[in-house]
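K.L.:
Numbering (this note's numbering), first residue to last: 1402 to 1867. We put the beta carbon where it would ideally sit given N, CA and C, even for glycine. Just dropping this structure here.
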Ligand SMILES: Cc1cc2nc3c(=O)[nH]c(=O)nc-3n(C[C@H](O)[C@H](O)[C@H](O)COP(=O)(O)OP(=O)(O)OC[C@H]3O[C@@H](n4cnc5c(N)ncnc54)[C@H](O)[C@@H]3O)c2cc1C
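Now the structure itself:
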C-alpha cells in the first residue's frame, strides 16, 4: 500500500494528526500496536483517571458532605467492581469513538508494531508475527511515552504499581504509599484516599507539583493535607522490599541522614514519564534523539531525516494530551502546505483533584528568573458568591500581568472547576489581553468565573468583593 502519510501511534497526537491530514486530502494510514486506539490518554491515562476521580469524588460527597446539604442517604457502600466497570465504560466509549472517527475520515488502520524500515517505508509487524510493508511520502512518529522506573524498584503492577496498575486495583489498599508528588501521584492518591486508603506521598523535592507556581503548590498541599493525605517532602526512597503481603518502603532525607521505613499494602511509583521509541528502528534510519531519549525536531516537527516527523510526548515539551493534539493538527497542516502553529506560551495545565489546580503562562518563579517586572492580582474563593453558596471556598485565582503594559503573563487557579475556569484566560492570552480587558468583560453572576474578573480587577487594586 502506498500513502501520503503514515502515522505510528494513535494517541491524541497521532490520531488527531491523521484525521486532520485526511481532512486536508492526504491519503493517510495509522499503525497502532495496542488493540484499541487512543494511546496512553484514552486507555490508561487521562480518561480512566478522570472517570475514577469523578466516581470517587461522588462517593466522598455522599459520605461526608450530603448531610450538610440536608440529604440523608445513610453511609454509602463502595462497590469497587462496579466503579471499575463504570471507568471501563468511559474508556470503551472513547476508544470506539476514535475508531469511528478514523473510519469516517477514511484513514486506514493497521494493527501491529510499526518499524521504520527506511525513508518512506514502514513495516507493520502484527502479534502473530506476520508483516506488511507500507510505502509513504511522510512518516509521523507519535509513539508517546512510558512510565519512568525507579532504579532497583521492580513494578509488578500488583504490590508495586505504576499509574496503569493504580487504575486497576481490585481492592482499596489500607495503606498506599505514593512516590512522587506530581500530577499523576496526587490525582491517583486522591482517588484511593477518597475510597478509604491511608495515603502517604513521598517527594524528593521540597514541594508538591514541581514546575507549577510555588504559592499554588503550597496552598494545594495544605488543602490535600486537610483532606487527610500525609506528605513527606525532601525525602528520597532508597528501597522497596516486597513481602507476601505488602511492601516496606525505606526512605531517608534527600540531603542524607537517618533512614526510616514505611509499611504499605500498595506502592505507586509516579515519578514521571519517559519518551517511548522501543523497536521503532530509529537507529536504522539515523533519527537523532536528545539526552532524555526524546526525538529531536525543528519548529516544524521535522527530524534530521527527510520525510520523518515527530509529535506529542515523544518530543520535547509538556507531556499533555492537548499539546500532542495541537502538534498533530499543526503538523498535518504543514504537510498539506499550510502554516500550522502551536503557541507554547499558552498551554493550560490542570490537576483534576478536588479542588482542581489550573495554570497557564508564566509562574512567579519564572518571571523573577527572567527579570520581568509584574503586578499580581489575587482573589480568594471565600469572597466569591457562588463558591460560598456551594460551600466550595478553598483556593484562589492569581493573575500575573506585566507592570508596564498590563498584558496577562500567567494565571494560576486553585479551586472548584479551575480546569474549566482557565479556558477563558487562555483565550484572553491568545489575544494578548491585558488584565484590564478581563476586568472590563461582563461575567455572569453568580458564577465562579467572577473570581477571575475580580483577580483581574485586583491587578489594579480595585477588586470589589474583598
Ligand atoms: C495516569 C495518567 C493520567 C493522565 N492524565 C492527563 C490529563 O488529565 N490531561 C492531559 O493532558 N494529559 C494527561 N496524561 C498525559 C497524556 O496521556 C499524554 O500526554 C498523551 O497521551 C500523549 O499523547 P501521544 O499521542 O503523544 O502519545 P500516547 O498517548 O502515549 O500514544 C502513543 C501510542 O503509540 C503506540 N505505539 C508506540 N510505539 C508504537 C509502535 N512502534 N508501533 C505502533 N504503535 C506504537 C502506543 O501503543 C500508544 O497507543 C496522563 C497520563 C497518565 C499516565
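Which stretch, first to last residue, makes up the beta strand (DSSP E) that contains residue 1527?
P.N.:
No beta strand (DSSP E) contains residue 1527, which DSSP labels as neither H nor E.
K.L.:
Taking 7 Å as the cut-off, does the CB of residue 1445 come closer than this to any heavy atom belonging to ligand 1?
P.N.:
Indeed, a heavy atom of ligand 1 lies less than 7 Å from the Cβ.
K.L.:
Pairing CB atoms from the region 1534-1548 with CB atoms from the region 1704-1724, are three or more of them under 8 Å?
P.N.:
Touching, yes, given that three or more Cβ pairs across the two stretches are closer than 8 Å.
K.L.:
Are the beta-carbon atoms of residue 1787 and residue 1720 separated by less than 8 Å?
P.N.:
For residue 1787 and residue 1720, no; Cβs fall outside 8 Å.
K.L.:
Here's a check: name, in chain order, each residue in its chain whose Cβ is nearer than 6 Å to the Cβ of residue 1464, leaving out the five neighbours to either side.
P.N.:
Cβ neighbours of residue 1464 beyond the five flanking positions: 1477.
K.L.:
What is the rounded straight-line gap between the Cα of residue 1883 and the Cα of residue 1775?
P.N.:
The structure shown does not extend to residue 1883, since the chain is modelled only from 1402 to 1867, so the question has no answer here.
K.L.:
Could you tell me if residue 1626 is buried or exposed, where buried requires 16 or more neighbouring beta carbons within 10 angstroms of its beta carbon?
P.N.:
The residue is exposed, with fewer than 16 neighbouring Cβ atoms inside 10 Å.
K.L.:
Report buried or exposed for residue 1534, applying the criterion of at least 16 other Cβ atoms within 10 angstroms of its Cβ.
P.N.:
Classification of residue 1534: exposed, given that the 10 Å Cβ count is below 16.
K.L.:
According to DSSP, is residue 1486 helix, strand or coil?
P.N.:
Residue 1486: helix per DSSP, three-state reduction.
K.L.:
Given a cut-off of 8 Å, decide if residue 1506 and residue 1603 are closer than it, judged by their beta-carbon atoms.
P.N.:
Cβ distance not < 8 Å, so residue 1603 and residue 1506 don't count as in contact.
K.L.:
If we ignore side chains and look at the alpha-carbon of each, how far apart do residue 1866 and residue 1785 end up?
P.N.:
Roughly 8 Å separates the two Cα atoms.
K.L.:
Compare the beta carbon distance of residue 1678 and residue 1694 with 8 Å and say whether it is the shorter of the two.
P.N.:
Yes, the Cβ-Cβ distance between residue 1678 and residue 1694 is below 8 Å.
K.L.:
Do residue 1747 and residue 1831 have their C-beta atoms within less than 8 Å of each other?
P.N.:
Yes, these two residues count as a Cβ contact at 8 Å.
K.L.:
When we look at the beta-carbon of residue 1508 and count the other beta-carbons within 10 Å, is it buried (16 or more) or exposed?
P.N.:
Result: buried.
K.L.:
Leaving out five residues before and five after residue 1608 in sequence, what residues of the same chain have Cβ atoms less than 8 Å from its Cβ?
P.N.:
Contacts found: 1582, 1615, 1618, 1619, 1622 and 1634.
K.L.:
Rounded to whole angstroms, what's the CA-CA distance from residue 1600 to residue 1468? Just pull it up for me.
P.N.:
If I take the Cα positions, the gap works out to 25 Å.
K.L.:
Can you check whether the CB of residue 1828 is closer than 8 Å to the CB of residue 1814?
P.N.:
Their beta carbons are not under 8 Å apart, which means residue 1814 does not touch residue 1828 by this criterion.
K.L.:
Regarding residue 1497 and ligand 1, is the C-beta to nearest heavy atom distance less than 7 Å?
P.N.:
Not so, every heavy atom of ligand 1 lies at least 7 Å from the Cβ.
K.L.:
Can you give me the Cβ contacts of residue 1794 inside the same chain, cut-off strictly under 6 Å, excluding the 5 residues immediately before and after it?
P.N.:
Cβ within range, chain order: 1782, 1783 and 1788.
K.L.:
Span of the alpha helix (DSSP H) holding residue 1635?
P.N.:
Segment: none, residue 1635 is in no alpha helix (DSSP H) and carries neither H nor E.
K.L.:
Kindly indicate the opening and closing residues of the alpha helix (DSSP H) around residue 1838.
P.N.:
That run of the alpha helix (DSSP H) goes 1836-1840.
K.L.:
Tell me whether the beta-carbon of residue 1819 lies closer than 8 Å to the beta-carbon of residue 1836.
P.N.:
It is not a contact, given that the beta carbons lie outside the stated cut-off.
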